[in-house]
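Chemist: First to last, the sequence lines map onto chains U and L.
Sequential numbering of the first sequence, starting at 124, is according to my numbering.
Sequential numbering of the second sequence, starting at 35, is according to my numbering.
Beta carbons: idealized from backbone N, C-alpha and C, even for Gly.
Predicted model, so just to flag it, every value in this text is computed and none were measured.
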Amino acid sequence: MPTNPRNLIAWILLACMLAMVGWSLLGSDLPRADFTLINPSEVKSVDPALITGQPEGRIAGAIFEGLLRYHPETLEPIAGMAERWEISDDGLVYTLYLRNNAKWSDGTPLTARDFHYSFRRFLDPRTAAEYAYQAWYLKNARQYSSGSSGIEAGDDVEVELNLPVDAPNTRRGEVIRGKLVRVEERGNEERTFVVQIPGDEVAFCPTDDSHAASREPPANCRWCRQVLLDFRQVGIEVVDDLTLRLTLEHPTPYFLGLLAFYPFSPVNQACLEAHGSPQWTKADKIVTNGTYRIAFRRIRDRFRLVRNEHHWDSDNIKLGVIDVLAMESITTGLNMFMTDEVDWITDVPPPALRVLLKEDPPRDDLNPQPYLSGYYYYLNTTRKPFDDVRVRKALSMAVDREEITTRLLPGGEIPSYSLVPPGIPGYEPQKCAPENPDEARRLLAEAGYPEGHGFPRIDILYNTHESHQAIAELVRKQWQRELGISVRTRNEEWGSYLSSLQTKQYNVARRGWIADYNDPNTYINMFVTDGEQNVVGWSNAQYDQLVQAAMTEVDPDKRLRMLEQAERILMEEQPIIPLYSYVAKNMVKPYVRGFYTNSQDDHPLWAIWIDRESEGPNEFMKGRQ
Amino acid sequence: MIAFMLRRLLWMVVTLWVVFTVSFFLMRSVPGGPFSSERNLEPEIRKNIEKRYNLDKPLVEQYFTELGNVCRGDLGYSFKLGDYTVNQVIAEGLPISVALGVLALIFATTLGLVAGVTSAVFRGTWGDVVLMLIATMGIALPNFVIAGICIILFVFLIPIFPAAGWGDFDQLLLPAFCLGAPYAAYVARIARTSMLDVLSQDHIRTARAKGVGPVRVVIVHALRGALLPVVSFLGPAVAGILTGSLVVEQIFAIPGLGSHFIHAALQRDYTLAMGLVLLYTVLLYVMNWIVDLSYAVLDPRVELQ
Chain U
124 MPTNPRNLIA WILLACMLAM VGWSLLGSDL PRADFTLINP SEVKSVDPAL
174 ITGQPEGRIA GAIFEGLLRY HPETLEPIAG MAERWEISDD GLVYTLYLRN
224 NAKWSDGTPL TARDFHYSFR RFLDPRTAAE YAYQAWYLKN ARQYSSGSSG
274 IEAGDDVEVE LNLPVDAPNT RRGEVIRGKL VRVEERGNEE RTFVVQIPGD
324 EVAFCPTDDS HAASREPPAN CRWCRQVLLD FRQVGIEVVD DLTLRLTLEH
374 PTPYFLGLLA FYPFSPVNQA CLEAHGSPQW TKADKIVTNG TYRIAFRRIR
424 DRFRLVRNEH HWDSDNIKLG VIDVLAMESI TTGLNMFMTD EVDWITDVPP
474 PALRVLLKED PPRDDLNPQP YLSGYYYYLN TTRKPFDDVR VRKALSMAVD
524 REEITTRLLP GGEIPSYSLV PPGIPGYEPQ KCAPENPDEA RRLLAEAGYP
574 EGHGFPRIDI LYNTHESHQA IAELVRKQWQ RELGISVRTR NEEWGSYLSS
624 LQTKQYNVAR RGWIADYNDP NTYINMFVTD GEQNVVGWSN AQYDQLVQAA
674 MTEVDPDKRL RMLEQAERIL MEEQPIIPLY SYVAKNMVKP YVRGFYTNSQ
724 DDHPLWAIWI DRESEGPNEF MKGRQ
Chain L
35 MIAFMLRRLL WMVVTLWVVF TVSFFLMRSV PGGPFSSERN LEPEIRKNIE
85 KRYNLDKPLV EQYFTELGNV CRGDLGYSFK LGDYTVNQVI AEGLPISVAL
135 GVLALIFATT LGLVAGVTSA VFRGTWGDVV LMLIATMGIA LPNFVIAGIC
185 IILFVFLIPI FPAAGWGDFD QLLLPAFCLG APYAAYVARI ARTSMLDVLS
235 QDHIRTARAK GVGPVRVVIV HALRGALLPV VSFLGPAVAG ILTGSLVVEQ
285 IFAIPGLGSH FIHAALQRDY TLAMGLVLLY TVLLYVMNWI VDLSYAVLDP
335 RVELQ
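What follows is the structure, given as structure tokens:
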């Protein structure tokens, strides 16, 4: 027996430490799920209006369901919460009929009003949804979500009044509707909105709630949260409980597909307003409408999803419990896949992929396939010498894309010569000139740099990553070898790299882009003059005109031809050098069924099931010999 | 004693304030903000987000607002983990990191002490040479190399441990070992040196002369004295284990604070990064303080009163 107090203290300390270890493990052990997959990063949020990435989309797609959803193989929009729909002949009015057994995960019915609420919230400037522009195809939606900069005198407006500071932050203040008479500058970037309300004219000053609660408003003025376009002007209309009518600005052939995209999912008003943000997203509070609901969440560890018994198709959903692990290290992911602890991983480290692909007999769980995506080098056309189209073409012609894909990329990536990757039905990607070092040298000489003499020293900017570095080094060698110019490489970590791109502080920069939706517009639209994504500073009036005309074109075939013409112009002018298309590097266990390889690398969880008895390759291995 | 503690506490507050100020301005001077993303935001939307996080105010005003919040213990919302406040992130991650760290520390001290004492007692034998060789290697190898070797050995060749994850005790053993291994090596070397030192002192010779058995001499009479240098090493070791756990956490997919820290910094998550920097500062201060106190417990020459 330790009678010495010194010893006693030491023993107590040790016991405390062990108790701590035990306590932190207490209750954290979970039984194995039916299906486990790895998400390559922790999700930013589960709120479908606020997220943008693919890992987030996997969770949101499982716990929420929009009016439509994607067919797991073809990605065609198919019935979701809406059972059927009609599109007017001019392509502008969409009438959607909801299922009468559409329900939330707490069993309450889900109606067209829920979509009205969710779409308005999605567009509300206070929600600050990054993807809000995806809904700007709806009539007047852009003006609404631009807030006070979207309205001018004479517009019908709505004024949202302030709430007490302690009100849940998801609640909306009282709304007053009227006509905007004029906007007065108060200085210091503050403005007063004079609004005519039946029988009266009132001046409103937007401010935040705490400000409004603590201070007197300026003379003859009322505080308000914000002044917006009257939402009744926006093309969203509840016809009855089960019918929703959407009106668009322009005929948009891919709009149905967008409706299946997760930002267009409904959120539960009662849940949001009862708990406030971000509390409503907690596993014990959140109310959802997808095929799964969140049973448990531990940050940077996992989501445990269980089947939502209130979902209309619940009887056909075969997986009961799904674990989505958040794991940054792809090597760790591979280790877990190899030890049978997970059933699907989304990425494989390149050195391992090289070895796995060479295995004989070929593996039955690996099938890299290209999807709609591209890897490019952007040329900053606002800087010399890239303002000269001959220089841009010469640089493109001097790159040996085959050497890049065969030497550096193990997944069977395909060299690319166009902005729009191949794989969009009905669209023919327009290619730039192929490799031709002789022609490249000739063009460079013509531009005034014979054999590279007088050519300024340029650098290739990439965000810090091994594979980007390897490609930059190889392109540097190729340009030096073929053109005799001197090139450096420069890496910056992601945040700095993005800010360098946006402020055009670069010569040549790497850029990857994955299609937002299955239409060439997702790429072509980036390069219109002063477009948000047009970081190369390139501008062409004819191109802008074609993109604009395609937007209002009703005939889908004609529209695609216009976009092809636009891409033709871009690839002649070459502000970008396409290098290759990415491949999806999923590994999926052979007993997993209903997992298809498709053009957007999107794999809805509701379609997946497990069948350990079946013989032969599963759907995932289709197309691999 | 109490005056000493109060002085310590005062210094901690001052240090926290300096750390806060320096991190605040450093973070905001790095190019790229928390909301730079691949898709540019429309200016109106960006303004709204910035308003929500107070980023539209002048820097000095932001500084004082945030200083006020931190003093009240409110670390704010995480910029990048939209569903969590910083306090919630810490509440979920800290117990996990601490559990991992404590187990690593237990590994480090027990393995290190046993190895160190053994090789001191059997000084100059084969055992001594082999143990010290292993210890030198342990110091030289970074923990991700040790982790790689351990995974190949104990996950794939002899499958006794799971590859990664959190929730089970056996998922904790391998990462804790890898995290503690380099410190075990240090402890072994320190323990050996100090043990040799103590063994050559007069009171040990006296004990032996009185006929005390060799085991009792080592464990009762020599070990306590030999522990002191080891304990003073534990302060920095705890600091290293807590802040250095991110590599191991990543390799073994453990949802502790290490990975939050690196991501917060890389993604300009100002609030989360600030919260973690302050947390680490407090932890390091407290650990050093405990080490100082433990001198009083261990060293018979220091009076407890």
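Any chance the region 378-395 of chain U sits against the region 245-262 of chain U, with 3 or more Cβ pairs inside 8 Å?
Modeler: Because the criterion of three Cβ pairs below 8 Å is met, the region 378-395 of chain U and the region 245-262 of chain U touch.
Chemist: Grouping DSSP H, G and I as helix and E and B as strand, with all else coil, what is Q492 of chain U?
Modeler: The answer is strand: DSSP assigns Q492 of chain U an E or B state.
Chemist: Relative to chain U, which residues along the region 275-307 of chain L have a C-beta separation below 9 Å, given in chain order?
Modeler: For the region 275-307 of chain L, which is checked against every Cβ of chain U, the residues closer than 9 Å are E283, Q284, I285, F286, A287, I288, P289, G290, S293, H294, H297, L300, Q301 and R302.
Chemist: Under 8 Å, with one C-beta from each stretch per pair, do the region 406-425 of chain U and the region 691-702 of chain U reach the 3-pair mark?
Modeler: They do not touch, by the three-pair rule.
Chemist: Which residues in the same chain have their Cβ closer than 7 Å to the Cβ of D488 of chain U, if we skip the five residues on either side of it in sequence?
Modeler: Answer for D488 of chain U: M710, V711, K712 and P713, listed in chain order.
Chemist: Quick one: list the residues of chain L neighbouring D424 of chain U, beta-carbon separation under 7 Å, in chain order.
Modeler: Here the neighbours are W200 and P289.
Chemist: Can you name, in chain order, every residue of its own chain whose Cβ lies under 8 Å from the Cβ of I36 of chain L, other than the five neighbours on each side?
Modeler: Closer than 8 Å at the Cβ level, and outside the excluded window around I36 of chain L, lies no residue.
Chemist: State the CB to CB distance for the pair L606 of chain U and R564 of chain U, rounded to an integer number of angstroms; the pair is presumed to be in contact (CB under 8 Å).
Modeler: Confirmed, Cβ separation roughly 6 Å.
Chemist: Ignore the nearest five residues each way along the sequence and tell me which others in K302 of chain U's own chain have a CB closer than 8 Å to its CB.
Modeler: So the list reads G277, D278, D279, V280, V318 and Q319, once near-sequence residues are dropped.
Chemist: How would you write the range of the alpha helix (DSSP H) that E589 of chain U sits in, first residue to last?
Modeler: Element bounds for E589 of chain U: E589 to L606.
Chemist: So if I threshold CB-CB distances at 8 Å, which residues from the region 323-335 of chain U count as touching chain L?
Modeler: Under the 8 Å Cβ criterion, the region 323-335 of chain U contributes D331.
Chemist: Determine whether the beta carbon atoms of L137 of chain L and L206 of chain L lie at a separation below 9 Å.
Modeler: Result yes, Cβ atoms of L137 of chain L and L206 of chain L sit closer than 9 Å.
Chemist: Quick test of your reading: G456 of chain U and I468 of chain U, contact by CB under 8 Å. State the CB separation rounded to the nearest angstrom.
Modeler: Right, their Cβ atoms sit about 5 Å apart.
Chemist: Please name the residue, chosen from U:A258, U:L624, U:N263 and U:S539, that lies closest to R355 of chain U on a Cα-to-Cα basis.
Modeler: Here the closest residue by C-alpha is U:N263.
Chemist: Which residues share a DSSP beta bridge with P749 of chain U?
Modeler: The question about residue 749 of chain U has no answer, for chain U in this structure spans 124 to 748.
Chemist: When the Cα of S619 of chain U is compared with those of L:L139, L:P68 and L:N88, which residue comes out closest?
Modeler: Minimum Cα distance to S619 of chain U is reached at L:P68.
Chemist: Contact defined as beta carbons within less than 8 Å: I believe I233 of chain L pairs with A154 of chain L. What is the distance between those atoms, to the nearest angstrom?
Modeler: Reading off the sequence, residue 233 of chain L comes out as Leu, not Ile. At roughly 7 Å, the Cβ-Cβ gap stays under 8 Å, so L233 of chain L and A154 of chain L are in contact.
Chemist: Between the C-alpha atoms of L109 of chain L and M143 of chain U, what's the straight-line distance to the nearest angstrom?
Modeler: So the alpha carbons of these two residues sit roughly 25 Å apart.
Chemist: Ordered along the chain, which non-local residues of its own chain (more than five positions away) have a Cβ less than 7 Å from that of W732 of chain U?
Modeler: So the list reads K441, L442, R716 and G717, once near-sequence residues are dropped.
Chemist: Alpha carbon to alpha carbon, what distance is there between M204 of chain U and Y646 of chain U?
Modeler: Near 29 Å, if we compare the C-alpha coordinates of M204 of chain U and Y646 of chain U.
Chemist: Can you find at least 3 beta carbon pairs, one from the region 718-731 of chain U and one from the region 492-505 of chain U, that sit closer than 8 Å?
Modeler: They touch, by the three-pair rule.
Chemist: Cβ of M674 of chain U less than 9 Å from any chain L Cβ?
Modeler: No, M674 of chain U lies away from the interface with chain L (no Cβ there is under 9 Å from its Cβ).
Chemist: Hey, N490 of chain U and T159 of chain U are a contact pair by Cβ (cut 8 Å); roughly how many whole angstroms apart?
Modeler: Not quite, the Cβ-Cβ distance comes to about 19 Å (not below 8 Å), so this is no contact.
Chemist: Taking just the CA atoms, how far does V56 of chain L sit from W435 of chain U?
Modeler: C-alpha separation (whole angstroms): 55 Å.
Chemist: Taking DSSP's pairing of strands, which residues face W208 of chain U in a bridge?
Modeler: In DSSP, W208 of chain U forms a bridge with U:L219.
Chemist: Assuming T315 of chain U and C344 of chain U form a contact by the criterion Cβ under 8 Å, report the distance between their Cβ atoms to the nearest whole angstrom.
Modeler: Rounded, the Cβ-Cβ distance is 6 Å, consistent with contact.
Chemist: Any contact between the region 593-608 of chain U and the region 514-526 of chain U? By contact I mean 3 or more CB pairs, one from each, below 8 Å.
Modeler: Taking 8 Å as the limit for Cβ pairs, the verdict is that the region 514-526 of chain U does touch the region 593-608 of chain U.
Chemist: Could you tell me whether the Cβ of W146 of chain U comes closer than 9 Å to any Cβ of chain L?
Modeler: It does: the Cβ of W146 of chain U has a partner Cβ on chain L nearer than 9 Å.
Chemist: Which class does C347 of chain U belong to by DSSP, given the choice of helix, strand or coil?
Modeler: C347 of chain U: strand per DSSP, three-state reduction.
Chemist: With H, G and I counted as helix, E and B as strand and the rest as coil, what does DSSP make of L50 of chain L?
Modeler: Here L50 of chain L sits in helix by DSSP.
Chemist: What do you reckon, is the C-beta of D463 of chain U under 8 Å from a heavy atom of the ligand MN?
Modeler: Inclusion of the ligand MN in the displayed structure is not the case, the ligand content being empty and no account of it being possible.
Chemist: Apart from the five residues just before and just after A169 of chain L, which ones in its own chain have a Cβ nearer than 7 Å to its Cβ?
Modeler: So the list reads A149, A219, A222 and R223, once near-sequence residues are dropped.
Chemist: I believe T119 of chain L touches Y111 of chain L by the beta-carbon criterion, under 8 Å. Please report the beta-carbon distance rounded to the nearest angstrom.
Modeler: About 5 Å separates the two Cβ atoms, so the contact holds.
Chemist: Going along chain U, which residues have a C-beta under 7 Å from E126 of chain L?
Modeler: R421 and I422, listed in chain order.
Chemist: Thinking C-alpha only, which one of L:A256, L:F267, L:N322 and L:V94 is nearest M229 of chain L?
Modeler: For M229 of chain L, the nearest C-alpha among the options comes from L:A256.
Chemist: Quick check: A397 of chain U and K405 of chain U, are their CB atoms within less than 9 Å of each other?
Modeler: No, they are not a contact pair.
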